[in-house]
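This report concerns only the one structure given below.
In the numbering used here, the protein residues as written are 344 to 877.
See below:
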């Protein structure tokens, strides 16, 4: 027996139409390079996104053509988020924090045909423009400076469209967006997201057990729009009519807090380093900002240390911890407390909040030790594997990439994790970052988080160093807070209350800063090059 339901395609064009039909008066606010605020509405956004689609179509865009963006977070980037896919193109957001030669490689590998670039990023473009061959460069005139001769003014480009655009014949499984991994262990790899995956991911973010985003919200993606679709927040905000607030290139804590206060932001998303800066500013000026009492801070990109969660809660801010990857669109788990866990002691609740959380609806996870699934006991470690409707099954144009799926269709994340009896997953390390000492595993992440709970420690990264007897031993690279002191023995004693003696780092190195990847994670490959001889 067949169902009687309509077959209705899950495409981004529906999000665009819905925003205009139901939420046309809702504001979209952007911090501009001169620090002024640009304001317009979803009705304005709808008109201009369709104009962009029409202009691209008129310029010869064919279904599946890639349109790259080299842009900060602002309203024009949002226009590209919808305008490119509804024209049948594939939006390719470029990570401007990568080395110029890597950006050029990604453009060539993706086969980008068009490039839209902020005028304030033209100096970056000049570093690799002679290494790429795109058909058209479209320059967004944010500062009012003349557009160079090799580019076309974005506003003039929109004006070439007219009002005759009609949506391409889109299939929900057509490519809509592509992002590349940060490439810390080799060349960046491309992940291509379908319309269907992005729409389903947006539905999930609107669920209370997702992020609970609705038309009542005002959201601020601090996470760059070139980093895994800004975690999907622009798409779900368009779908549900949430106000959007974009910080532009100004990611300092004071600007972020000013924007959150002025625009009554109710959810914001960023990596732990951003929230540490915000926390330090709140500690410095605790009475300056009147933030919305419903403000939720989404933390992702790396595990938040206990000191960060405690500090934010001290300022009555609700921290929501999530986990995902470029390959998972990205949100796959969220750490909400189940109702009965809210009755547990505060310390036990905190322990759950520090985990990466439970899988969101339609995402399934398991932890494997070889070909055996490990028990959900919160102790037994193995490789985290995942599957779901917004999880990739491979990489774009990379037949040389290692097979990412198991024989039974699960994506191998490369993360080492545990799952407890309540279903809360905890990342204990990347497989390449685990430390094997005397045949036993040591989690660098657990050591890092505990070190960063020390009152004198600002940052800490732990890596493996070779050992003639034990194979590997931990080495801790530590950044102290300004004006604070702590020595090796003090830090070892601090860790000794939480870990077995054989877990404690043999060596401590004190430095002014720890290198990070473009995604905000500790760049352990660089640390190993610097501190591990041979």
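Glycine included, every Cβ here is placed at the ideal spot set by N, Cα and C.
Distance between residue j and residue i (C-alpha atoms, nearest Å)
i: residue 860; j: residue 441; result: 9 Å
i: residue 634; j: residue 610; result: 11 Å
i: residue 572; j: residue 671; result: 11 Å
i: residue 599; j: residue 618; result: 10 Å
i: residue 471; j: residue 446; result: 8 Å
i: residue 388; j: residue 577; result: 12 Å
i: residue 797; j: residue 834; result: 8 Å
i: residue 398; j: residue 456; result: 14 Å
i: residue 867; j: residue 827; result: 25 Å
i: residue 761; j: residue 462; result: 46 Å
i: residue 524; j: residue 366; result: 34 Å
i: residue 548; j: residue 563; result: 14 Å
i: residue 746; j: residue 737; result: 8 Å
i: residue 454; j: residue 435; result: 10 Å
i: residue 522; j: residue 501; result: 25 Å
i: residue 460; j: residue 783; result: 49 Å
i: residue 683; j: residue 363; result: 41 Å
Outcome for residue i when other beta-carbon atoms lying within 10 angstroms are tallied against a minimum of 16
i: residue 728; result: buried
i: residue 753; result: buried
i: residue 391; result: buried
i: residue 888; result: A query on residue 888 cannot be resolved here, the shown segment of the chain reaching from 344 to 877 and no further.
i: residue 556; result: buried
i: residue 697; result: buried
i: residue 647; result: buried
i: residue 539; result: buried
i: residue 720; result: exposed
i: residue 668; result: buried
i: residue 766; result: exposed
i: residue 855; result: exposed
i: residue 407; result: exposed
i: residue 769; result: buried
i: residue 553; result: buried
i: residue 428; result: buried
i: residue 751; result: exposed
i: residue 516; result: exposed
i: residue 793; result: buried
Minimum C-alpha distance to residue i - residue among the options
i: residue 590; options: 559, 421 and 636; result: 421
i: residue 478; options: 367, 493 and 361; result: 493
i: residue 690; options: 649, 561, 722 and 658; result: 649
i: residue 353; options: 848, 394 and 536; result: 536
i: residue 710; options: 697, 699 and 725; result: 725
i: residue 383; options: 375, 456, 750 and 369; result: 369
i: residue 550; options: 774, 674 and 669; result: 674
i: residue 637; options: 628, 662 and 643; result: 662
i: residue 361; options: 344, 386, 417 and 676; result: 386
i: residue 740; options: 679, 533 and 766; result: 533
i: residue 311; options: 823, 460 and 806; result: What is shown of the chain runs 344 to 877, which leaves residue 311 out entirely.
i: residue 886; options: 747, 746 and 664; result: As displayed, the chain neither begins before 344 nor continues past 877, which places residue 886 out of reach and without an answer.
i: residue 660; options: 737, 639, 566 and 615; result: 639
i: residue 418; options: 434, 381 and 621; result: 381
i: residue 565; options: 553, 616, 558 and 521; result: 616
i: residue 707; options: 683, 693 and 677; result: 677
i: residue 604; options: 717, 788 and 630; result: 630
i: residue 795; options: 730, 653, 517 and 529; result: 653
i: residue 372; options: 521, 484, 718 and 602; result: 602
i: residue 641; options: 700, 694 and 692; result: 700
Near the ligand ZN: residue i beta-carbon under 6 Å from a heavy atom
i: residue 519; result: Looking for the ligand ZN in the displayed structure turns up nothing, as the structure carries no ligands at all.
Sequence-distant residues of the same chain with beta carbon closer than 8 Å to residue i, five excluded per side
i: residue 813; result: 780 and 781
i: residue 464; result: 413, 414, 415 and 439
i: residue 624; result: 596, 597 and 600
i: residue 358; result: 425, 542, 545, 578, 581 and 582
i: residue 404; result: 410, 430, 431, 432, 456 and 457
i: residue 870; result: 804, 806, 820, 857 and 858
Neighbourhood of residue i by C-beta, 7 Å cutoff - its chain only, sequence neighbours within 5 removed
i: residue 451; result: 475
i: residue 561; result: 585, 586, 588, 606, 607, 608 and 609
i: residue 823; result: 799, 800, 801, 829 and 853
i: residue 831; result: 851
i: residue 791; result: 803, 804 and 805
Own chain, CB closer than 6 Å to residue i, minus 5 neighbours either side, in chain order
i: residue 809; result: none
i: residue 426; result: 392, 395 and 396
i: residue 786; result: 771 and 772
i: residue 735; result: 534 and 670
i: residue 593; result: 374
i: residue 620; result: 596
i: residue 717; result: 710, 723 and 725
i: residue 658; result: 625
Would the segment 837 to 857 count as touching the segment 816 to 825 if we require 3 or more Cβ pairs under 8 Å?
Because the criterion of three Cβ pairs below 8 Å is met, the segment 837 to 857 and the segment 816 to 825 touch.
### Query
Is the segment 481 to 489 touching the segment 508 to 525, taking contact as three or more C-beta pairs under 8 Å?
The segment 481 to 489 is not in contact with the segment 508 to 525.
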